[in-house]
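Novice:
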Amino acid sequence: MLSDWEAFCLQLKFPLSPQRAKGMALNVEARRAAGFDPQFIAELNVYAQSKGRTPAVFVFNPFAEGHVALGRALLAKENPTRAATELEIAVKLAPGSPDARFSLASAYSRLGRKEDAARELAEFKRLERLGK
Numbered sequence: 558m559l560s561d562w563e564a565f566c567l568q569l570k571f572p573l574s575p576q577r578a579k580g581m582a583l584n585v586e587a588r589r590a591a592g593f594d595p596q597f598i599a600e601l602n603v604y605a606q607s608k609g610r611t612p613a614v615f616v617f618n619p620f621a622e623g624h625v626a627l628g629r630a631l632l633a634k635e636n637p638t639r640a641a642t643e644l645e646i647a648v649k650l651a652p653g654s655p656d657a658r659f660s661l662a663s664a665y666s667r668l669g670r671k672e673d674a675a676r677e678l679a680e681f682k683r684l685e686r687l688g689k
């Protein structure tokens, strides 16, 4: 399920942007009084300060990448049980990695763990939307 902020951002079409939604200055109290979600206000505040640049920091974790690579290799060798173990470690090390989430969803799917696969696939899609 999308957060209010994610749903808002998906609806905006160029030239509209979240930065323009704040007006000349971000009036936090007015948004609170109007019933805006506190997390939405916080996201708008961060975005407003970023001058339109994505306020995201991506961290490369070589340990997580190693587990992703091994997990993918194990999937290719038709060993989804060991692949899932490696990919679960990768997700713990780098929970914001779309690659780790997608690969883990694939491993869970091959193991017949449909609910786990659906959860990881949904998280993969959420991360992909945020990264664009």
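Residues 558 to 689, numbered by this note's numbering, are exactly what the sequence shown covers, in order. In this text, a Cβ means the ideal position worked out from N, Cα and C, and glycines have one as well. These figures come from a predicted structure and were not determined experimentally.
1. So which of Ala641, Glu622, Leu567 and Leu687 has the shortest CA-CA distance to Leu668?
2. Does the beta-carbon of Pro595 have 16 or more other beta-carbons within 10 angstroms, so that it is buried, or is it exposed?
3. What separation, rounded to the nearest whole angstrom, lies between the Cα atoms of Ala647 and Ser560?
4. Do Phe620 and Leu650 have their beta-carbon atoms positioned less than 8 Å apart in this structure?
5. Could you give the C-beta distance for Arg686 and Glu600, rounded to a whole number, given that I count them as a contact under 8 Å?
6. Can you list the alpha helix (DSSP H) stretches of 4 or more residues lying completely in the stretch 600-673, in chain order?
7. Let's see if you can read the secondary structure: which residues bound the alpha helix (DSSP H) around Phe565?
8. I need the boundaries of the alpha helix (DSSP H) containing Ala582, first residue and last residue.
9. What does the alpha-carbon distance come out to for the pair Ser666 and Leu567?
10. Taking Cβ positions, are Leu573 and Asn602 nearer each other than 8 Å?
11. Are the Cβ atoms of Ser660 and Leu678 separated by less than 8 Å?
12. Are Glu622 and Arg658 closer than 8 Å when you measure CB to CB?
13. Out of Pro652, Glu672 and Arg588, which has the shortest C-alpha to C-alpha gap to Leu684?
Specialist: Short version:
1. To locate residue 668, count along the sequence shown from 1; it is residue 111. Residue Ala641 holds the alpha-carbon nearest to the alpha-carbon of Leu668 among Ala641, Glu622, Leu567 and Leu687.
2. Residue numbering aside, residue 595 sits at position 38 when the sequence shown is read from its first letter. Taking all protein chains shown into account, Pro595 has fewer than 16 neighbouring C-beta atoms within 10 Å of its C-beta and is therefore exposed.
3. Taking the sequence shown and counting its residues from 1, one reaches residue 647 at position 90. Taking the sequence shown and counting its residues from 1, one reaches residue 560 at position 3. Distance between the alpha carbons of Ala647 and Ser560 is about 25 Å.
4. Along the sequence shown, read from residue 1 onward, the residue named residue 650 stands at position 93. Along the sequence shown, read from residue 1 onward, the residue named residue 620 stands at position 63. The Cβ atoms of Leu650 and Phe620 sit closer than 8 Å to each other.
5. Mapped onto the sequence shown, residue 686 falls at position 129. Mapped onto the sequence shown, residue 600 falls at position 43. About 14 Å; that fails the 8 Å criterion.
6. Those alpha helix (DSSP H) runs which fall completely within the stretch 600-673 and span 4+ residues are 619-633, 637-650 and 655-667.
7. Here residue 565 refers to the residue found at position 8 of the sequence shown. Element bounds for Phe565: Asp561 to Gln568.
8. Start at 1 with the first residue of the sequence shown, and residue 582 comes out as number 25. According to the DSSP assignment, Ala582 belongs to no alpha helix (DSSP H), since it is labelled neither H nor E.
9. Position 109 of the sequence shown, counted from the start, is the residue given in the question as residue 666. Position 10 of the sequence shown, counted from the start, is the residue given in the question as residue 567. Answer to the nearest angstrom: the Cα atoms are 28 Å apart.
10. What you label residue 573 is simply residue 16 of the sequence shown in a count that begins at 1. What you label residue 602 is simply residue 45 of the sequence shown in a count that begins at 1. No; because the gap between Cβ atoms is not below 8 Å, this pair is not in contact.
11. Within the sequence shown, the letter at position 103 stands for residue 660. Within the sequence shown, the letter at position 121 stands for residue 678. Cβ atoms of Ser660 and Leu678: not closer than 8 Å.
12. By 1-based counting over the sequence shown, the position of residue 622 is 65. By 1-based counting over the sequence shown, the position of residue 658 is 101. Against a cut-off of 8 Å, the Cβ pair of Arg658 and Glu622 comes out as no contact.
13. Stepping through the sequence shown from its first residue, residue 684 is reached at position 127. The shortest Cα separation from Leu684 among Pro652, Glu672 and Arg588 belongs to Pro652.
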